[in-house]
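Peer 1: Position 373, counted from 1, in the sequence shown is what this note's numbering calls 375; the numbers after and before it change by one each time, with no gaps.
Ideal Cβ positions, reconstructed from N, Cα and C, are used throughout, including at glycine.
All values derive from a computational prediction rather than experimental measurement.
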Amino acid sequence: MRAEIENVVDEIKQAISLLRRHLDWDQAIRRLDWLNNKAEDPTLWNDASEAQKLMRERQQLDDGINGLRGLEQQLKDNIELIELGEEEGDADIVKDAENALKELRTEANRRQVEAMLSGEADGNDTYVEVHSGAGGTESQDWANMLLRMYTRWAERQGFKVELLEIHDGEEAGIKSATILVKGHNAYGWMKTESGVHRLVRISPYDSNARRHTSFSSIWVYPVVDDSIDIDVNESDCRIDTYRSSGAGGQHVNTTDSAVRITHIPSGIVVACQQERSQHKNRAKAWDMLRARLYEAELKKREEAANAEASSKTDIGWGHQIRSYVLQPYQLVKDLRTGVESTAPDDVLNGDLNEFMEAALAHRVNGGADAAVEDLT
3 MRAEIENVVD EIKQAISLLR RHLDWDQAIR RLDWLNNKAE DPTLWNDASE AQKLMRERQQ
63 LDDGINGLRG LEQQLKDNIE LIELGEEEGD ADIVKDAENA LKELRTEANR RQVEAMLSGE
123 ADGNDTYVEV HSGAGGTESQ DWANMLLRMY TRWAERQGFK VELLEIHDGE EAGIKSATIL
183 VKGHNAYGWM KTESGVHRLV RISPYDSNAR RHTSFSSIWV YPVVDDSIDI DVNESDCRID
243 TYRSSGAGGQ HVNTTDSAVR ITHIPSGIVV ACQQERSQHK NRAKAWDMLR ARLYEAELKK
303 REEAANAEAS SKTDIGWGHQ IRSYVLQPYQ LVKDLRTGVE STAPDDVLNG DLNEFMEAAL
363 AHRVNGGADA AVEDLT
């Protein structure tokens with residue numbers, strides 16, 4: 003076996019070992035057996051909420067255990083194929099098995115990242131807010147590009163996306179928007195995307211074809227379910243209603259159905275205009291506010307647990323996490339991990355997993371931010 007493939011095999015074995023430890027293999031097997039027996043108990047659904055919780059745990063354990071067994075079997079099978087091909091002098095068999103091992107390494111690395119998604123809210127659906135920065139039309143167009151990028155990414159992952167609120171720019175793009183991304187581990191995958199994103203390009207809105215730098219911010223926070231108690235005092239909130247914006251014609255709202263809630267103590271503002279009914283928009287806005295307050299509490303806990311860590315970061319305006327350069331050269335660089343892509347068009351079409359995986363690993367491992375120079 004070639005040295006390169008031996009290294010691939012070693013990486014896969016290491017990933018399997020880490021996944022086994024993370025899963026606590028023996029305990030996971032016992033727990034899954036218990037859950038399988040529990041699923042056959044006709045009294046289980048007397049408490050629907052508890053039953054759903056147990057069934058989600060059962061599915062997650064089943065996926066983890068069977069996925070790990072699959073990795074081990076594929077590793078064994080392809081090693082045997084290489085040995086057989088080498089014995090028989092069949093280069094095609096060897097090459098196919100080597101390619102399969104490289105793909106298996108990618109799959110093992112992906113599962114390692116998913117194993118990192120064990121935070122309190124990582125498995126939840128998530129809200130994603132996009133806000134344009136200063137700079138008028140240029141920044142608003144950039145905000146719209148980011149909204150499209152995350153929508154495309156979510157669709158690639160098989161997640162569902164709902165547009166909850168959008169404020170169009172005067173000439174092009176958007177001032178702000180909020181989407182709801184629904185899918186297992188949606189928040190866990192997206193939580194490291196909060197921050198400021200910087201675009202450098204020749205502006206299509208500049209008649210002199212000058213290079214412009216634009217900024218937009220992303221804010222990601224998890225949907226909270228009924229099992230998480232978030233107490234919000236209505237007297238601490240200001241509720242405003244206004245007409246929804248969006249497509250023209252029959253879709254323009256002629257009543258004040260959109261709802262904006264401002265939580266005065268924290269300064270958090272949420273808005274929803276998805277529904278034609280003000281009542282439904284109000285209910286959704288309250289859910290969003292509870293989610294934002296919960297995310298703020300999660301952040302406080304994380305900062306308290308890592309008070310001495312040099313990796314402590316402030317998620318907010320002015321704290322750049324990634325630069326996207328389209329002219330005069332093409333490069334996307336993450337300023338926390340140093341991960342780069344020379345295909346910004348692919349990234350802007352939703353090819354984000356490499357950046358997300360690196361940021362998750364960085365966050366879980368608690369390392370200091372990489373000494374990464376920004377792009378010029």
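(1) For the putative contact between I81 and V11, defined by C-beta atoms under 8 Å, what is the C-beta separation to the nearest angstrom?
(2) Just to confirm my understanding: we take G250, look at its own chain, exclude 5 residues before and 5 after, and list those with CB closer than 8 Å. What are they?
(3) With DSSP as the reference, please indicate the residues paired to P206 in a beta bridge.
(4) With a CB to CB cut of under 6 Å and the five nearest residues on each side skipped, what residues in its chain are close to L295?
(5) Taking CB distances under 8 Å as the criterion, tell me whether L166 reaches chain C.
(6) Just checking, does the region 103–114 make contact with the region 11–24 on the three C-beta pairs under 8 Å criterion?
(7) Under a three-way DSSP split, which group does E277 fall into?
(8) Which term fits L2, buried or exposed, when burial requires 16 or more other beta carbons within 10 angstroms of its beta carbon?
(9) Looking only at its own chain, which residues have a Cβ that is under 8 Å from the Cβ of L34, when we skip the five neighbours before and after it?
(10) Rounded to the nearest angstrom, what separates L377 and S325 at their Cα positions?
(11) Can you list, in chain order, the residues of its chain whose CB lies under 7 Å from that of L79, leaving out five sequence neighbours each side?
(12) Starting from the C-beta of K40, find all residues in its chain whose C-beta is less than 7 Å away, skip the five residues before and the five after it, and write them out in chain order.
(13) Where do the N-terminal and C-terminal ends of the beta strand (DSSP E) with H24 fall, by residue?
(14) Are the region 123–139 and the region 326–344 touching by the rule of at least three beta carbon pairs closer than 8 Å?
(15) Do V341 and A363 count as a contact pair if the criterion is CB distance below 8 Å?
(16) Which runs of the alpha helix (DSSP H) at least 4 residues long sit entirely within the region 123–207? Give them in chain order.
(17) Here's a check: name, in chain order, each residue in its chain whose Cβ is nearer than 7 Å to the Cβ of E74, leaving out the five neighbours to either side.
(18) Give the straight-line distance between the Cα atoms of D98 and T139, rounded to the nearest whole angstrom.
(19) Quick one: give me the first and last residue of the alpha helix (DSSP H) that A211 is part of.
(20) I need the straight-line Cα distance from V464 to C239, nearest angstrom please.
(21) I'd like the list of long-range same chain contacts for S196, defined as Cβ closer than 7 Å, with 5 residues on each side in sequence excluded.
(22) Helix or strand or just coil, what does DSSP make of R262?
(23) Could you check which residue in T344, A345 and H24 has the C-alpha nearest to that of A117?
(24) Between which two residues does the beta strand (DSSP E) harbouring S325 extend?
(25) Give the C-beta separation of E167 and T180 to the nearest angstrom, bearing in mind that I take them to be a contact with Cβ-Cβ under 8 Å.
(26) Using the beta-carbon count (16 or more within 10 Å), is E375 buried or exposed?
(27) Am I right that S268 and S259 are in contact with their C-beta atoms under 8 Å? What's the rounded C-beta distance?
(28) Is it buried or exposed for H199, if we count other Cβ within 10 angstroms and need 16 for buried?
(29) Between E90 and K193, what straight-line distance do the alpha-carbon atoms span, to the nearest angstrom?
(30) Which residue or residues does DSSP assign as beta-bridge partners of I220?
(31) Excluding the five sequence neighbours on either side, which residues of its own chain have a C-beta within less than 7 Å of the C-beta of E13, listed in chain order?
(32) Can you tell me which residues form a DSSP beta bridge with S343?
(33) Report buried or exposed for N126, applying the criterion of at least 16 other Cβ atoms within 10 angstroms of its Cβ.
(34) Return the Cβ separation of I266 and L291 in integer angstroms, given the expectation that the two are a contact with Cβ distance under 8 Å.
Peer 2: Taking the definition as stated:
(1) Within the sequence shown, numbered from 1, the residue matching residue 81 stands at position 79. Within the sequence shown, numbered from 1, the residue matching residue 11 stands at position 9. The Cβ separation is near 7 Å, so the contact holds.
(2) On the sequence shown, residue 250 is found 248 positions in, with the first residue counted as 1. Residue placement at G250 cannot be trusted, given a pLDDT of 45 that sits under 50; what the coordinates show is reported in the next sentence. Within the same chain, G250 has no close Cβ partners at all.
(3) In the sequence shown, counting from the first residue as 1, residue 206 sits at position 204. The partner list for P206 (beta bridge, DSSP) is empty, contrary to what the question assumes.
(4) One-based indexing of the sequence shown puts residue 295 at position 293. Excluding sequence neighbours, L295 sits near I232.
(5) Chain labels in this structure do not include chain C; a single protein chain is all it has.
(6) yes
(7) Position 275 of the sequence shown holds residue 277. Here E277 sits in coil by DSSP.
(8) Because the chain is modelled from 3 through 378, residue 2 falls outside the range shown and cannot be assessed.
(9) Locating residue 34 in the sequence shown gives position 32, where the first residue counts as 1. These residues qualify, in order along the chain: R60, L63, D64 and I67.
(10) Here the question's residue 377 lines up with position 375 in the sequence shown. Here the question's residue 325 lines up with position 323 in the sequence shown. So the alpha carbons of these two residues sit roughly 7 Å apart.
(11) Your numbering for residue 79 matches position 77 in the sequence shown. First, the residue type needs correcting, since residue 79 is Asp and not Leu in the sequence shown. Within the same chain, D79 has no close Cβ partners at all.
(12) As a position in the sequence shown, residue 40 is number 38, starting the count at 1. In the same chain as K40, and ignoring 5 residues on each side of it, the C-beta atoms closer than 7 Å to its own belong to L46 and L56, in chain order.
(13) Within the sequence shown, numbered from 1, the residue matching residue 24 stands at position 22. No beta strand (DSSP E) contains H24, which is instead part of the alpha helix (DSSP H) from A5 to L25.
(14) no
(15) The residue you call residue 363 lines up with position 361 of the sequence shown. The residue you call residue 341 lines up with position 339 of the sequence shown. Their beta carbons are not under 8 Å apart, which means A363 does not touch V341 by this criterion.
(16) 139–158 and 188–192
(17) Start at 1 with the first residue of the sequence shown, and residue 74 comes out as number 72. The residues are I18.
(18) The sequence position of residue 98 within the sequence shown is 96, counting from 1. The sequence position of residue 139 within the sequence shown is 137, counting from 1. So the two alpha carbons sit approximately 51 Å from each other.
(19) As a working mapping, residue 211 is identified with position 209 in the sequence shown. Unbroken run through A211: none, as it is neither H nor E.
(20) No statement about residue 464 is possible, as the shown extent of the chain runs from 3 to 378 and does not include it.
(21) Taking the first residue of the sequence shown as 1, we reach residue 196 at position 194. For S196, where only same-chain residues beyond five positions count, the Cβ hits under 7 Å are I220, W221, V222 and I317.
(22) Your numbering for residue 262 matches position 260 in the sequence shown. R262: strand per DSSP, three-state reduction.
(23) If you number the sequence shown from 1, residue 117 lands on position 115. Comparing Cα-Cα distances from A117 to each of T344, A345 and H24, the minimum goes to H24.
(24) By one-based count along the sequence shown, residue 325 stands at place 323. From DSSP, the beta strand (DSSP E) with S325 extends over Q322 to V327.
(25) Counted from its first residue, the sequence shown places residue 167 at position 165. Counted from its first residue, the sequence shown places residue 180 at position 178. The Cβ separation is near 4 Å, so the contact holds.
(26) The residue labelled residue 375 in the question sits at position 373 within the sequence shown. Classification for E375: exposed.
(27) As a working note, residue 268 is residue 266 in the sequence shown. As a working note, residue 259 is residue 257 in the sequence shown. Contact annotation, S268 with S259: C-beta distance approximately 25 Å; criterion of less than 8 Å not satisfied.
(28) What you label residue 199 is simply residue 197 of the sequence shown in a count that begins at 1. With 16 or more other Cβ atoms inside 10 Å of its own Cβ, H199 counts as buried.
(29) Counted from its first residue, the sequence shown places residue 90 at position 88. Counted from its first residue, the sequence shown places residue 193 at position 191. E90 and K193: Cα-Cα distance of roughly 50 Å.
(30) In the sequence shown, counting from the first residue as 1, residue 220 sits at position 218. V132 and G197, per the DSSP bridge assignment.
(31) Counting from one through the sequence shown, the residue named residue 13 turns up at place 11. Correct list, in chain order: R107.
(32) Numbered from 1 along the sequence shown, position 341 holds the residue referred to as residue 343. Its beta-bridge partners are V334.
(33) Walking along the sequence shown from the start, residue 126 turns up at place 124. Flag for N126 reads buried.
(34) What you label residue 266 is simply residue 264 of the sequence shown in a count that begins at 1. What you label residue 291 is simply residue 289 of the sequence shown in a count that begins at 1. That belief does not hold up - the Cβ atoms of I266 and L291 are roughly 12 Å apart, past 8 Å.
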